[in-house]
Structure formats: structure tokens, C-alpha cells
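Report on one structure; see the data block that follows.
In our numbering, the protein residues as written are 836 to 1099.
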């Protein structure tokens, strides 16, 4: 897959989330999602705010740096502040702003010159990597919306971009818990929705994680408990990794309980 593939995948993943919202009435926007205290509107407000920041980082790095320079050290407070202007909108207006922010970010990221880094919250990232991070956001928060609305999402090989991002950020779970990152190599053998096998890591690694791509992505976004997924491990550290895996920075959050969902 090429860099352009990830930008197209980001747009397609956003379209999938959008389709869940098109016919939603006001009560649907107020429906609670599995994230405690968050409605469907909260999920979209968060996505809109995140895509606004990504678009700004790619299109106007100086303005992005000025914005992030005003952030506090309180992660949750920063999230709340970023979401507030969007949550103040009625559903139709929020939908419009979400579409505007998403389109602007997609365009700005795709326009970044190959090899150029984009400033981000912790360190600069290549635009394709930031796009993959956007896919992670869409997958996780989109799943919360799908669970709230009773929608079963179709999985495609676009998930490879998210799988690659999770492999790249395999140590985030340790960092989030203040644990030292072990000096060990992990190998990942992930089966695509199409049936293809995606392999990452040394072929002779003793610590191995295997499973379907959709389940792997649900694990690293912490949208399902590992007990409800067909992701398995060989080796003590790989086994431990399944308990702490996450593909995002910041607090791990409570995750989901075993058997919480009917499809588990």
C-alpha cells in the first residue's frame, strides 16, 4: 500500500462513520455510547475537534503550534475544551462542522510533500502516519457510535493502515501505565478481512501476537475486552501486551468489560 492509499482509506473510513449519522434524529444524537458520559454527539464533537487539529497542523503549522502551546497538562480537560464549541451546536450544525473539519484535514494531509513532517502533540509525524492515526480515531469512536445505534460495521482491508499504526505504536500501552517498555521483539501475524496474512516484526521472534485484523483493531482501540476477541499470544510478554495494548496516547481508560456486547 502507498501513502496515497492511506489518504483514500482515511476518507473512506470517515464516509462509513458519516453514513451512520445521515438519518439520525435528535434523540439518536443524544443516545448514550459505551464511553461513560458520552453521547453520539460527544463522539462526533471529539472527532471534529481532532480532525480540526490535524488539518491545522498540516495546513498551518505555526497556527497549530500556537494553539497547542496553550494546552494544559490535563489531558481530559484539553479534550473537554476542544469539544465544547462543537457540543454547543444543534445536531444538524454539528454534522456540518464535522464534515467541514474532516474534508479540510483530508485535503491538507494529502497535500503535504512526501518526506515532510507535520507537527503533532508529542512529536512531528509524516502525514501518512498522522492519517493512520486519524483512522484509529475513526475506528474507535465509530465503533462506539455503532454500538450505541446497533450497527454492524463492514470491515475491509483498509484496516491494514490501522494495524500498521498499532504495530508502530506497540509501546503506548506501557507508556500510558508508567511501565518500562521491555527490551523484546514482538511479531504480529494478522489476518486481513480478505484472508491475506499481514506479518510484522522479526520472523524469529519468540513473542507472537496473532488474530483477525478487526479483532486486533478492537483490541488496540480498547473497544472490546480481549476475552471476547480471537487475538492470541505466544510468550509471556506477548500475553501481557494483550492486556495493555492501546494505539493512542493518554490515559488507557476503563476499556470494555468481558461479554459487554451481544456480538462478543
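Where is the CB? At the ideal position from N, CA and C, for every residue including glycine. In this text, all values refer to a predicted model and were calculated from it rather than measured experimentally.
#1: Which of the three DSSP states is assigned to residue 1046 in this structure?
#2: Should the region 864–878 be regarded as contacting the region 999–1006, the criterion being three or more beta carbon pairs within less than 8 Å?
#3: Short of 7 Å in beta carbon distance, which residues of its chain neighbour residue 1088, apart from the five on each side in sequence? Order them along the chain.
#4: Going by beta carbon distance, what residues of the same chain come within less than 8 Å of residue 1079, once the five residues before and after it are set aside?
#5: Whole angstroms are fine: how far does the CA of residue 1040 sit from the CA of residue 851?
#6: What are the start and end residues of the beta strand (DSSP E) that includes residue 1069?
#7: What are the boundary residues of the beta strand (DSSP E) that residue 1034 is part of?
#8: Going straight from the alpha carbon of residue 1099 to that of residue 930, what length do you get?
#9: If you follow the alpha helix (DSSP H) that residue 935 is part of, which residue opens it and which one closes it?
#10: Expressed to the nearest angstrom, what Euclidean distance is found between the alpha-carbon atoms of residue 921 and residue 854?
#11: Mind checking residue 910: buried by the 16 CB within 10 Å criterion, or exposed?
#12: Among 866, 976, 843 and 1048, which residue has its Cα nearest to the Cα of residue 1090?
#13: What do you reckon, is the C-beta of residue 993 under 7 Å from a heavy atom of the ligand NAD?
#14: Just reading off the alpha helix (DSSP H) that residue 865 is part of, what are its end residues?
#15: Between the beta-carbon of residue 955 and the beta-carbon of residue 1021, is there less than 8 Å?
#16: Pick helix, strand or coil for residue 1099, following the three-state DSSP scheme.
#17: Going by Cα to Cα distance, which pick from 969, 950 and 900 is closest to residue 938?
#18: Can you tell which of 842, 1074, 1083 and 846 has its C-alpha closest to the C-alpha of residue 961?
#19: Within 10 Å of its beta-carbon, does residue 1016 have 16 or more other beta-carbons around it, so buried, or fewer, so exposed?
#20: Can you tell me whether residue 963 is buried or exposed, with buried defined as 16 or more other CB within 10 angstroms of its CB?
#21: According to DSSP, what are the bridge partners of residue 1022?
#22: Quick one: measure Cβ to Cβ for residue 953 and residue 870, integer angstroms, because I've assumed they're closer than 8 Å.
#23: Select from 1029, 989, 1071 and 940 the residue whose C-alpha is nearest the C-alpha of residue 966.
Let's see:
#1: Along the chain shown, one-based indexing puts residue 1046 at 211. DSSP places residue 1046 in strand when its eight states are reduced to three.
#2: no
#3: Within the chain shown, numbered from 1, the residue matching residue 1088 stands at position 253. Within the same chain, residue 1088 has close Cβ partners 1057.
#4: Mapped onto the chain shown, residue 1079 falls at position 244. Residues of the same chain with a CB within less than 8 Å of the CB of residue 1079, apart from the 5 flanking positions on each side, are 1008, 1009, 1011, 1012, 1014 and 1087 in chain order.
#5: For this step, residue 851 is matched to residue 16 along the chain shown. For this step, residue 1040 is matched to residue 205 along the chain shown. In this structure, the CA atom of residue 851 is about 36 Å from the CA atom of residue 1040.
#6: Counting from 1 along the chain shown, the entry for residue 1069 is found at position 234. Start and end: 1067–1069.
#7: As a working mapping, residue 1034 is identified with position 199 in the chain shown. Where residue 1034 is concerned, the enclosing beta strand (DSSP E) stretches over 1032–1035.
#8: Along the chain shown, one-based indexing puts residue 1099 at 264. Along the chain shown, one-based indexing puts residue 930 at 95. Annotation note: pLDDT 48 at residue 1099 (below 50); position unreliable, coordinate value reported separately. Rounded to whole angstroms, residue 1099 to residue 930 spans 30 Å at the Cα level.
#9: Numbered from 1 along the chain shown, position 100 holds the residue referred to as residue 935. It spans 926–946 - the alpha helix (DSSP H) in which residue 935 sits, taken as one unbroken run.
#10: The sequence position of residue 921 within the chain shown is 86, counting from 1. The sequence position of residue 854 within the chain shown is 19, counting from 1. Answer to the nearest angstrom: the Cα atoms are 19 Å apart.
#11: Locating residue 910 in the chain shown gives position 75, counting from the first residue. Exposed is the call here.
#12: Within the chain shown, the letter at position 255 stands for residue 1090. Per the Cα distances, 976.
#13: This structure lacks the ligand NAD, and indeed carries no ligand of any kind.
#14: By 1-based counting over the chain shown, the position of residue 865 is 30. Note, residue 865: premise wrong, no alpha helix (DSSP H); not H, not E.
#15: Residue 955 sits at position 120 when you count from the first residue of the chain shown. Residue 1021 sits at position 186 when you count from the first residue of the chain shown. Residue 1021 is positioned such that its CB atom lies no closer than 8 Å to that of residue 955.
#16: On the chain shown, position 264 is the one that residue 1099 refers to. Per-residue confidence for residue 1099 stands at a pLDDT of 48, beneath the threshold of 50, marking its modelled position as unreliable; the derived number appears in the next sentence. Coil.
#17: One-based indexing of the chain shown puts residue 938 at position 103. Answer by Cα proximity: 969.
#18: Here residue 961 refers to the residue found at position 126 when the chain shown is read from its first residue. Measuring from the Cα of residue 961, the nearest candidate turns out to be 842.
#19: Position 181 of the chain shown, counted from the start, is the residue given in the question as residue 1016. Its Cβ having fewer than 16 others within 10 Å, residue 1016 is exposed.
#20: Your numbering for residue 963 matches position 128 in the chain shown. It counts as buried.
#21: Residue mapping note: residue 1022 aligns to position 187 of the chain shown, counting from 1. Residue 1022 is bridged to 1043.
#22: In the chain shown, counting from the first residue as 1, residue 953 sits at position 118. In the chain shown, counting from the first residue as 1, residue 870 sits at position 35. About 27 Å; that fails the 8 Å criterion.
#23: As a first step, residue 966 must be located in the chain shown, where it is residue number 131. Comparing Cα-Cα distances from residue 966 to each of 1029, 989, 1071 and 940, the minimum goes to 940.
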